[in-house]
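Heads up, the thing below is written out as structure tokens.
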Amino acid sequence: MTSYGFPTLLQYSRLSTAITDIKQRSEQTRMELVTGRIADLNSELAGSIGDAQMLRKAIDDIATTQTSISRALGRAQTTQISLARASEGSTDLGVNLLDAVNRRDENAVGISGTQAQLQLDAAISAFNQRYEGRALFSGDAVQTNPLADSETLLTDVRAIFAGAADAAQLEADLDAYFNTPGGGFDTNIYLGGSGDAARTEISDGELVSYSAKADEQPIRDLLRNLSTIVVAEENTGFVDRNTALSTAATGLIEAGNSVAEIRSRIGAAEERMVAAQTRLEAEHAALGETYNERTARDPYEAATLLQQLETQLQTSYLLTSRISQLSLSNYI
């Protein structure tokens, strides 16, 4: 067993401490060489560390806002697709049905009724669309689908037809069902929240609303006229059937145009968000460049220092090896 004299033991201990320090500095320098950035900002920047930290926070805040806007744009774009899908072909359907009624072409009326059923199903499915697990048309109740199924709606409209004596009463009852606060549509069909969906912040204090709700008037009108066409086509014995069909066909054309206005509104919000993204990208790049200039590690200096540290480490290992071979007899 080797015995160490006090001087040798002290030297060994000091070298071990030095080796540990050199290894840590080598790892830090190696990381700086790879990343191109100062590893220990506190010691390197000293008094200007506060400025660097503020820059870093500003960069991170911009990145957070960019992420939020990107998600909002994704929701807005999906909302646009849903609105287009829900109203697609509504004008053609309305025009064709009006023509069929005027020609008293029962076969064409039947085709329009079938198309209205398909479009109603597609519309409700579109309005129940989700993005990242959140309902798009439910307002502030993002975990809930905004609309009941089409059969629930048709059952209610069939009951309205059954209780109506003529076209005037039918329209009055449909108005009460679809447009009266707390009416049938509000209680049986619309299942979303009463408030609007959260807006997104595009800059400090500037919020943008980019959503739509399934209880907005254009959507109510779209569903009303599609369901009325379906039920009126079924009710061949209704006294004012042709009037009901013509009124619903005209209303469907108008509803399609109104849904297009919602799309325009969301499109304007999308433009604001895209403009904000462009501005934020420029700010992020400028701040990032400034931050990099203040925290960058010169690669030549880092490589030179790393080489020096590795040389010191090798020398220290060699000295440690020699000391470990000494025994107490070397000092006697």
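Numbering (our numbering), first residue to last: 409 to 740.
Cβ atoms here follow ideal geometry from the backbone N, Cα and C, with glycine treated the same way.
List the residues that DSSP assigns as beta-bridge partners of residue i.
{"i": "E614", "result": "S611"}
{"i": "A543", "result": "R538"}
{"i": "Y585", "result": "In DSSP, Y585 forms no bridge with anything."}
{"i": "L555", "result": "Y598"}
Using CA atoms only, rank isn't needed, just tell me which of the options is closest to residue i.
{"i": "Q523", "options": "A549, E642, E697 and E609", "result": "E642"}
{"i": "A543", "options": "G458, T698 and A622", "result": "A622"}
{"i": "T473", "options": "E689, D583 and T719", "result": "E689"}
{"i": "G603", "options": "D612, P589, S619 and D548", "result": "D548"}
{"i": "E662", "options": "V682, N633, A676 and R687", "result": "N633"}
{"i": "S495", "options": "N515, A534, R483 and V517", "result": "A534"}
{"i": "I627", "options": "S490, R538 and S478", "result": "S490"}
{"i": "T486", "options": "G696, T698, R671 and T719", "result": "R671"}
{"i": "V503", "options": "A492, N515 and S520", "result": "S520"}
{"i": "I610", "options": "T698, A683, A492 and D468", "result": "A683"}
{"i": "D612", "options": "Q488, D469 and A606", "result": "D469"}
Taking the C-alpha atoms as reference points, what is the distance between residue i and residue j?
{"i": "V507", "j": "A657", "result": "According to the sequence provided, residue 507 is Asp. The question's Val does not apply to it. Taking the straight line from one Cα to the other gives about 10 Å."}
{"i": "G497", "j": "I674", "result": "20 Å"}
{"i": "R680", "j": "L615", "result": "10 Å"}
{"i": "Y585", "j": "E559", "result": "16 Å"}
{"i": "H692", "j": "T686", "result": "10 Å"}
{"i": "L505", "j": "A694", "result": "59 Å"}
{"i": "L555", "j": "A652", "result": "24 Å"}
{"i": "L463", "j": "T428", "result": "33 Å"}
{"i": "Q625", "j": "A605", "result": "17 Å"}
{"i": "Q488", "j": "S619", "result": "9 Å"}
{"i": "V517", "j": "N587", "result": "27 Å"}
{"i": "N536", "j": "N553", "result": "5 Å"}
{"i": "T698", "j": "I477", "result": "24 Å"}
{"i": "R702", "j": "T712", "result": "20 Å"}
Determine the contact status of residue i and residue j, defining contact as a CB-CB distance below 8 Å.
{"i": "L562", "j": "V638", "result": "yes"}
{"i": "S635", "j": "G601", "result": "no"}
{"i": "T608", "j": "A471", "result": "no"}
{"i": "A677", "j": "A484", "result": "yes"}
{"i": "Y539", "j": "G590", "result": "no"}
{"i": "D581", "j": "A575", "result": "no"}
{"i": "L501", "j": "L660", "result": "yes"}
{"i": "I457", "j": "G696", "result": "no"}
- prompt: Do the stretch 663–673 and the stretch 593–601 meet, that is, are 3 or more Cβ pairs less than 8 Å apart?
  reply: no
- prompt: Do three or more CB pairs link the stretch 644–652 to the stretch 520–534 at distances below 8 Å?
  reply: no
- request: Report yes or no: do three or more beta-carbon pairs, one from the stretch 564–572 and one from the stretch 501–515, lie closer than 8 Å?
  value: no
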